[in-house]
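Participant:
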Amino acid sequence: MGVVMNRSDLISETKREIMVICDQNKAKMVGEVPFDEKILRSSIVGKQLTLSFPNSPGSKAVSSISNRLREILNLS
0 MGVVMNRSDL ISETKREIMV ICDQNKAKMV GEVPFDEKIL RSSIVGKQLT LSFPNSPGSK
60 AVSSISNRLR EILNLS
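Counting in numbering that gives the first Met the number 0, the sequence shown runs from 0 upward without gaps.
1) Give me, in chain order, the residues of the same chain whose beta-carbon lies closer than 6 Å to that of Ser58; leave out the 5 immediate sequence neighbours on both sides.
2) Could you tell me which residues DSSP puts in a beta bridge with Glu70?
3) Do Ile64 and Val2 come within 8 Å of each other at the CB atom, strictly closer than that value?
4) Around the Cβ of Ser11, are there at least 16 other Cβ atoms within 10 angstroms (buried) or fewer (exposed)?
5) Which residue comes first and which comes last in the alpha helix (DSSP H) that contains Lys37?
6) Excluding sequence positions up to five away, which residues of its chain have a Cβ less than 8 Å from the Cβ of Val29?
7) Over what stretch of residues does the beta strand (DSSP E) that includes Lys14 continue unbroken?
8) What number of angstroms, rounded off, separates the C-alpha of Gly45 from the C-alpha of Val61?
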């Protein structure tokens with residue numbers, strides 16, 4: 000089982016609690032997506048985040064998570 004944490008930078012106490020739950024359940028932290036206004040903007044206009052705002056923190060996080068999932072699933 001893997002976990003992707005959305006808006007991971009907003010509430011540090013919640014992040015710590017999620018990490019504890021992951022450890023207790025032997026779940027991998029696949030990645031974290033920080034709060035990024037560009038995510039909302041791309042959603043509103045119906046465009047793919049990684050194409051619309053490739054250098055935004057959210058876009059970089061999503062790309063990193065995608066790469067990590069490919070590794071975990073041996074799809075590289």
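Note that CB positions come from ideal geometry on N, CA and C, so glycine has one too.
Facilitator: Reading from the atomic positions:
1) Once the five neighbours on either side are set aside, the close Cβ partners of Ser58 are Leu48, Thr49, Phe52.
2) The partner list for Glu70 (beta bridge, DSSP) is empty, contrary to what the question assumes.
3) By the CB criterion at 8 Å, Val2 and Ile64 fall outside the cutoff.
4) With fewer than 16 other Cβ atoms within 10 Å, it is exposed.
5) Element bounds for Lys37: 36 to 44.
6) Gly1, Val2, Val3, Ile64, Arg67, Leu68, Ile71, listed in sequence order.
7) Premise fails: Lys14 lies in the alpha helix (DSSP H), 11 to 23, not in any beta strand (DSSP E).
8) Roughly 16 Å between the two C-alpha positions.
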